[in-house]
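Participant:
In our numbering, the protein residues as written are 3 to 1016.
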């Protein structure tokens, strides 16, 4: 649950705030921004706490101004040696916030990300922040920072104690991981520092899949001053960077960086950017940030004085032959050459000067760095092109082929690298066939999208060069940015997703900070994504614990796997013969927005192989052959999101880890034929495999009939259960809207249950009949609880479990009883959580022995509980913890117990050795004081021969003030007894009603008694 904190106008004195594991949104009001102040003079000497620390929680700041309080006398802002906000979690968000007029000291800038912290900043302004505005410390794990339309204006950071982070320092070593405090975050207004080390267990996967990314889009840097760089400093070990359509103006760097070692006077300031990060890749080769920067800026502009950008890089074959600092300011103004429309052809040249254009794609892009406003356009003529390990980076471009039957791009199996990688840029590929080589190395994907970029694919055909060799890399792999796929064909591919593979793969695999995924008019045909070692057996865990140890599970699979994204849209798309483990077609694990769109899509013969290879019914409850919905959403979201789709795959079509939506609850959205009013089940002549649920071809078990029934919210589907004993492990109603009806005893008037029997089995765990935000109406059923000790041993489970604020339960003409009246149940027969709407009429609970729980436990809030003409007879609670019925009332909703009979019940401690105040019939607990009059009514009920320790029949507990809501009228109490007199004859006791409440005697004056008892 996201906790939204809206802060009204005013000044709030707060101690430092720590967010550990919550999901919180802190926002100002719509009409003004909320300003949070901190007074440094109020902090004890030596105290260096941050105002807000985000440890493991996800926090979103909206419309917040961070501003330090000025000193009253001088009007100046004192230095504060701690950050406004320190974030350790990779999923934090700041939107429309301002950091202004602040003064920081030490190594803590105004906003600091460390220990794996990262996030997204949108429309944020840093103005007049001295001592460091933004500092990010990347660790060993991938954590991406995305900045959109962020402004840094008149910020300073002049700390010159750079130690071993300075490439000019004799202490500097590119092989040495960075260590705090030698490497400071306040040597420039904006500092990104990486301590990433390529570990052995990452091999042989390329490093660029693991590097953290900093992505700047449409950001402005104006009139800033810093020591190493006037605006932005990128240092430490390897990372990936992207600057798109950014503007620099009037920034001033203080330090003079040595360029040519042979010329001591060749020193210059880096007025906009200083790029010094470097580190070994997967092969051990040192990669330098100064080289990477040559394709990491697109469409940027600078009006600062030269030199704008200094980068540390390896030898430049066109000029000097050494490693060191170079002037690479050309990248900040679009590169050396202009960009326009270009041609790529087999007769082209390296320079592209002839009529046939360029001969290779890399020559087109060399020293051209256009932004989104003026993308580079490349027209590719007919032919087959080897495109290997090509970094588009932050460049914006459009590449048009001559048709996917004429123009082909192919990567290389020998190189084991992607075809094309985008980091922050915007790329359109059109009318091309993309061929993917199968290799023994996972290199991420044929197309890789990282940073806050855009990958657009139109009229593309994807094929494998060898369809019989398993593929380890995805076709499209994205960790940030938007993916647009239109009119594309994904041909046959088999992915190896065995457990030992560190990185998993799919045709489309999106994770981390991926934005919008939009797939239109495309097809996915014959895609296999399950692991070769699935299912994992116990012998595999025993023989190879290093691979299949406890907790290791199979990869779920899916042709389209959305591990995490902002939004998912799929329109007019076909998925055919896609086989995964838990799902074959689409797996939506986590979405920021619940209103995904699946419109006019067709699913054909897709398979979740778990359903075929695992025989256990309950173990298959989470699968869906076509679609998995694991993200957070409401029922209405799914109903509105899936429109005009169809499927001819096998049941279940749609699955979810949420029990209210799992195992086919939404299948009717893909199969309109499921809209039938009645489904039939017959234990005698039904068949779960060939049955159709019709009267002539019924299903055999209730569990299968339930799972096949439609669950439309606007109507209830009836399951007609024929005569017989149905022994079932679990009947999962989930979020369905169902009715169950058995057959009555012949000629009984009124009709009585008996011929149709539902019974749990020895395999029942936790619950027998489960409702999660669904509707269940049961009529004329005998629920016979299998409780024999030799069968269920010590199993504890609910017979009927009702959960969720949207749940509805209606029971009429049913009987609940146990097989062995001498063996106690460890849990309730009926357990209802708060918020459920419950109606029970003319039913029977007979001869049930409970260990220490009630037979029926109701929690009433918001919705009504109505129990009418129900008989509870011979209900015994051995440990005397509750009556046969326990009701917890939470101030809202209504509770009406009318015309019921409670007879021969006991909640009595053995040998009369107890002194509890629990009556054997009802335990009523008022949990909150605010209760309206006649909220709880017990009327026309009979309490006969009920016995407890200090109370015979009815116990009322909780908050005394709530008694104004209780009315007990026209009830009969007879032969009820208490047993505590044998050993505790001095204790207060009552044969019929005991008010076990604080100061209740003062409340129960004459008027109050008349109000309660009528």
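Heads up, the beta-carbon is just placed ideally off N, CA and C, and yes, glycines get one too.
Taking only the alpha-carbon atoms, compute the straight-line gap between residue 874 and residue 666 and give it to the nearest angstrom.
Facilitator: One C-alpha to the other measures close to 36 Å.
Participant: With burial defined as no fewer than 16 other Cβ atoms inside 10 Å of the residue's Cβ, what is the status of residue 713: buried or exposed?
Facilitator: Looking at its Cβ environment, which holds 16 or more other Cβ atoms inside 10 Å, residue 713 is buried.
Participant: Helix, strand or coil: which one does DSSP assign to residue 387?
Facilitator: Strand, per DSSP.
Participant: Who are residue 402's beta bridge partners in DSSP?
Facilitator: DSSP lists 381, 432 as partners of residue 402.
Participant: Looking at residue 923: is its Cβ nearer than 8 Å to the Cβ of residue 895?
Facilitator: Not closer than 8 Å, so no.
Participant: Using 10 angstroms around the beta-carbon of residue 177, count the other beta-carbons present and answer buried if the total reaches 16, otherwise exposed.
Facilitator: Note that residue 177 scores a pLDDT of 45, beneath 50, so its modelled location is shaky; the value from the coordinates is reported in the next line. Residue 177 should be labelled exposed.
Participant: Do residue 945 and residue 978 have their C-beta atoms closer together than 8 Å?
Facilitator: The answer is yes: Cβ separation under 8 Å.
Participant: State yes or no: is the beta carbon of residue 147 nearer than 8 Å to at least one beta carbon in chain B?
Facilitator: Among the chains of the structure shown, chain B does not appear; only one protein chain is present.
Participant: Exposed or buried, residue 447, counting other C-beta atoms within 10 Å across all chains shown (16 or more means buried)?
Facilitator: Classification for residue 447: buried.
Participant: So the alpha helix (DSSP H) residue 639 belongs to, where does it begin and stop?
Facilitator: Here the alpha helix (DSSP H) through residue 639 covers 637-643.
Participant: Starting from residue 755, follow its DSSP beta bridges and name the residues at the other end.
Facilitator: 746, per the DSSP bridge assignment.
Participant: Distance check for residue 375 and residue 139, CA to CA, integer angstroms please.
Facilitator: The alpha-carbon atoms of residue 139 and residue 375 are separated by roughly 32 Å.
Participant: For residue 640, is the classification buried or exposed, using 16 other Cβ atoms within 10 angstroms of its Cβ as the cut-off for buried?
Facilitator: Buried: at least 16 other Cβ atoms inside 10 Å.
Participant: Near residue 424, what residues of its chain come up, given a Cβ to Cβ distance below 6 Å and the 5 sequence neighbours on each side ignored?
Facilitator: Cβ within range, chain order: 394, 451, 455, 457.
Participant: Determine the DSSP secondary structure at residue 2, reduced to helix, strand or coil.
Facilitator: The structure shown does not extend to residue 2, since the chain is modelled only from 3 to 1016, so the question has no answer here.
Participant: Would residue 46 be called buried (16 or more neighbouring beta carbons within 10 Å of its own) or exposed?
Facilitator: Model confidence at residue 46 stands at a pLDDT of 40, short of 50, so the residue's coordinates are unreliable; what they give is reported in the following sentence. Result: exposed.
Participant: In whole angstroms, what separates the C-alpha of residue 999 from that of residue 907?
Facilitator: Cα to Cα, residue 999 sits roughly 23 Å from residue 907.
Participant: What is the rounded straight-line gap between the Cα of residue 325 and the Cα of residue 240?
Facilitator: Using only the alpha carbons, I get a separation of about 16 Å.
Participant: Counting C-beta neighbours from all protein chains within 10 Å, is the total for residue 539 16 or more, i.e. buried, or is it exposed?
Facilitator: It is exposed - the Cβ of residue 539 has fewer than 16 other Cβ atoms within 10 Å.
Participant: Going by the beta-carbon positions, is the gap between residue 760 and residue 743 smaller than 8 Å?
Facilitator: Contact flag unset, no.
Participant: Helix, strand or coil for residue 263? Go by DSSP, reduced to three states.
Facilitator: Correct three-state label for residue 263: coil.
Participant: Have a look at 55, 733, 480 and flag the residue whose alpha-carbon is nearest the alpha-carbon of residue 89.
Facilitator: Per the Cα distances, 55.
Participant: Residues bridged to residue 282 by DSSP?
Facilitator: DSSP lists 288 as partners of residue 282.
Participant: Under 8 Å: do the stretch 534-548 and the stretch 477-490 share three or more Cβ pairs, one atom per stretch?
Facilitator: Contact between the stretch 534-548 and the stretch 477-490 is absent, because fewer than three Cβ pairs lie under 8 Å.
Participant: Grouping DSSP H, G and I as helix and E and B as strand, with all else coil, what is residue 49?
Facilitator: Only weak support exists for where residue 49 lies, its pLDDT of 42 falling under 50; the coordinates are left without a value.
Participant: With DSSP collapsed to three states, give me the class of residue 807.
Facilitator: Residue state, collapsed to three classes: coil.
Participant: Determine the extent of the alpha helix (DSSP H) in which residue 150 is found, giving its start and end residues.
Facilitator: First-last for residue 150: 147-150, but that is the beta strand (DSSP E), not the alpha helix (DSSP H).
Participant: Measure the CB-CB distance between residue 772 and residue 734 and report whether it falls below 8 Å.
Facilitator: Closer than 8 Å, so yes.
Participant: Can you tell me whether residue 984 is buried or exposed? The criterion is at least 16 other CB atoms within 10 Å of its CB, across all chains shown.
Facilitator: Flag for residue 984 reads exposed.
Participant: With a threshold of 8 Å, are at least 3 pairs of Cβ atoms found where one atom belongs to the stretch 655-670 and the other to the stretch 687-701?
Facilitator: With the cut-off at 8 Å, the stretch 655-670 and the stretch 687-701 do not touch.
Participant: How is the beta strand (DSSP E) around residue 367 delimited, first residue to last?
Facilitator: Here residue 367 belongs to no beta strand (DSSP E); instead the alpha helix (DSSP H) covers 363-367.
Participant: Who are the near neighbours of residue 49 in its chain, counting only those whose CB is closer than 6 Å to its CB and skipping five residues on each side?
Facilitator: The predicted position of residue 49 is uncertain, since its pLDDT is 42 and thus under 50; no value can be drawn from it.
Participant: Ordered along the chain, which non-local residues of its own chain (more than five positions away) have a Cβ less than 8 Å from that of residue 703?
Facilitator: These residues qualify, in order along the chain: 683, 685, 688, 690, 728, 730.
Participant: Would you identify the three-state DSSP class for residue 602, choosing helix, strand or coil?
Facilitator: Coil, per DSSP.
Participant: Determine the direct distance from the alpha carbon of residue 591 to that of residue 840, and round the result to whole angstroms.
Facilitator: Their backbone Cα atoms lie some 33 Å apart in a straight line.
Participant: Between residue 220 and residue 249, what straight-line distance do the alpha-carbon atoms span, to the nearest angstrom?
Facilitator: Going by the C-alpha atoms only, they are around 7 Å apart.
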